[in-house]
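K.L.:
Got a structure here, written out as C-alpha cells. Questions coming.
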Amino acid sequence: MLTTGGYRKYLGFFGKRNAGKSSLINRLVGQEISIVSEQPGTTTDPVYKSLEIHPIGPVTVIDTPGVDDAGELGELRVERAKRVLYKIDLAILVVDNNWNDYEEWL
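Residues in the sequence shown are numbered from 1 upward in steps of one, following the working numbering.
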C-alpha cells in the first residue's frame with residue numbers, strides 16, 4: 001500500500017505457539033504491543049503495529065497466533081494466521097531451539 005512516505009511493507013511473524021514471536025516483535029519495535037506469557041496460545045488474533053524502521057521506511061509488523069494450535073478454536077486461530085500470508089511482503093519464521101520436522105514443513 002502507498003503511504004505519504006512511499007510503499008509500506010508488511011512483515012508477518014509466524015511460528016509455533018510460544019516460539020517467541022511476540023517477544024521478538026516487542027523487542028524489535030521497542031514497545032509492548034503483544035502480550036507475552038508462558039501460556040501457549042496467548043496471541044489469539046493477529047496484532048498489527050505500524051512504525052518507521054530506518055532505512056527501510058514505513059512498515060507494519062504483524063504478530064500471528066501459533067500455527068500449531070489445535071482444537072476447534074485453535075483451528076480458527078491457525079486460519080487467521082494463514083490469512084496474514086496474503087497481506088505481507090515478507091514472512092519471518094520464528095523458531096525456538098527445538099527445530100524439528102514441523103518447522104521443515106512450514
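Every residue gets a Cβ at the ideal spot worked out from N, C-alpha and C, and that includes glycine. Nothing here was measured: the structure is a model prediction, and the numbers come from that model.
Going along the chain, which residues of its own chain have a beta-carbon closer than 7 Å to the beta-carbon of Glu79, five neighbours each way excluded?
P.N.:
Excluding positions up to five away in sequence, the list is empty.
K.L.:
Around the C-beta of Gly30, are 16 or more other C-beta atoms found within 10 angstroms, so that it is buried, or is it exposed?
P.N.:
Flag for Gly30 reads exposed.
K.L.:
Can you tell me which residues form a DSSP beta bridge with Asp63?
P.N.:
Paired residues: Phe13 and Val47.
K.L.:
Less than 8 Å between the CB atoms is what I'm expecting for Ile62 and Gly12, so what's the real figure, rounded?
P.N.:
Contact flag correct, Cβ pair sits at about 5 Å.
K.L.:
Taking the CB atoms as reference points, tell me whether Tyr10 and Lys82 lie closer together than 8 Å.
P.N.:
No. Outside cutoff.
K.L.:
Quick one, which of Gly74, Glu72, Glu38 and Ser34 has its alpha-carbon nearest Lys49's?
P.N.:
For the residues Gly74, Glu72, Glu38 and Ser34, the minimum Cα distance to Lys49 belongs to Ser34.
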